[in-house]
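Read the structure below first, then the notes.
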Amino acid sequence: MIGVLEDPTQPFRKNSRRVAAAAAVVIALSAPAYAADLRLPVKEAPPPIPVFSWTGLYIGANAGWGSSRNCWDLVPPTPVPPALLGPEGCHDATGAVAGGQIGYRWQTGTWVLGLEAQGNWADLNGSKVSPPFPTTTNRSRIEAFGLFTGQAGWAVQNALLYVKGGAAVADSRFRYTDNATGTVLGAANDTRWGATAGVGLEYGFAPNWSVAVEYDHLFMPNRTHDFVSPAGLYAGTVAIRQDVDLVTARVNYRFGGPVVAKY
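For any residue, its number in the working numbering is found by taking its place in the sequence shown, counting from 1, and adding 32.
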């Protein structure tokens, strides 16, 4: 009787099945790790960008140059012939100014509103020989001034363009002197209130520090003054028109205004 021979490839088929099963297990176990490798890396959120704010109380100093236009008119009851009454001409009083300012600003969006008080020492001097009295010289001097203003500005981050306006006060001295001796023949002092308007450009170079350049014009009203001699005697009446132009550089320190985080 002839026996049935075994298939000689049967062991190989069994081994192949075992290998395939093992491979399937390996693939199944490695699939999550492979899928994790395919995920895009997650980036961390960038740090917030600080946004400059103009809100807060500030204090600062300023210095610059000023020019005052002074026009004199000799008027009654000055005891001179009528032909000598009238204009005595105009002259400019120029010089340095220096002082300080304090204020508060509020920022909403790109708009900035504020209030400020400024006080300055001044040395604005000028003179002109009097046409009707050529042996005498008219002299004008501003020794101090103050500004009390409101502000409105437009900000782009740490750059601020603003306009300002309000009240102004100036402390002035007027003299006329003898040309030959320099002796004061008549004098009048004046503290004059008026109005002011100006414009400025300010730049924040650090979180709490800023620098600016500013122009201001002072509109001072006409005033009439009785001049008095050094002996206390009446020495004539003069109507004086006056205005002032100022250009100053400023530096400010702002206290604790908020810095808003922006992503």
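Every residue gets a Cβ at the ideal spot worked out from N, C-alpha and C, and that includes glycine.
Whole-angstrom C-beta distance between residue j and residue i, which should lie under 8 angstroms
| i | j | result |
| --- | --- | --- |
| Leu154 | Gly98 | Sequence check: residue 154 is Ala here, not Leu. The pair is a contact, with the Cβ atoms about 6 angstroms apart (cut-off 8 angstroms). |
| Thr140 | Thr168 | So it is not a contact: roughly 57 angstroms between Cβ atoms. |
| Arg207 | Pro253 | No, Arg207 and Pro253 are not in contact; Cβ-Cβ is about 21 angstroms, not under 8 angstroms. |
| Thr228 | Leu250 | 5 angstroms |
Cβ-Cβ distance between residue i and residue j below 8 angstroms
| i | j | result |
| --- | --- | --- |
| Val107 | Val260 | no |
| Ala202 | Asp258 | no |
| Ala244 | Arg286 | no |
| Leu278 | Glu234 | no |
| Gly178 | Arg137 | no |
| Gly182 | Gly158 | no |
| Gly226 | Pro163 | no |
| Phe84 | Asn152 | no |
| Thr142 | Val195 | no |
| Ala149 | Ile134 | yes |
| Ala125 | Leu156 | yes |
Reference residue i; option with closest CA among the options
| i | options | result |
| --- | --- | --- |
| Asn170 | Gly141, Asn102, Val195 | Asn102 |
| Pro119 | Phe180, Leu156, Phe165, Gly96 | Phe165 |
| Ala322 | Gly230, Trp241, Asn284 | Outside the shown range of the chain, which is 33 to 295, sits residue 322, and nothing can be said about it. |
| Val276 | Ala212, Val129, Ala187 | Val129 |
| Ser172 | Ser204, Gly141, Phe251, Ala199 | Ser204 |
| Val161 | Gly96, Glu246, Ala212, Pro109 | Ala212 |
Residues sharing a beta bridge with residue i, DSSP
| i | result |
| --- | --- |
| Pro119 | Asp105 |
| Leu145 | Trp138, Ala184 |
| Thr228 | Gly198, Leu250 |
| Thr223 | Asp203 |
| Val245 | Leu233, Ala281 |
| Ala125 | Ser100 |
Extent of the continuous beta strand (DSSP E) to which residue i belongs
| i | result |
| --- | --- |
| Ser172 | 168-188 |
| Thr280 | 266-287 |
| Val260 | 255-260 |
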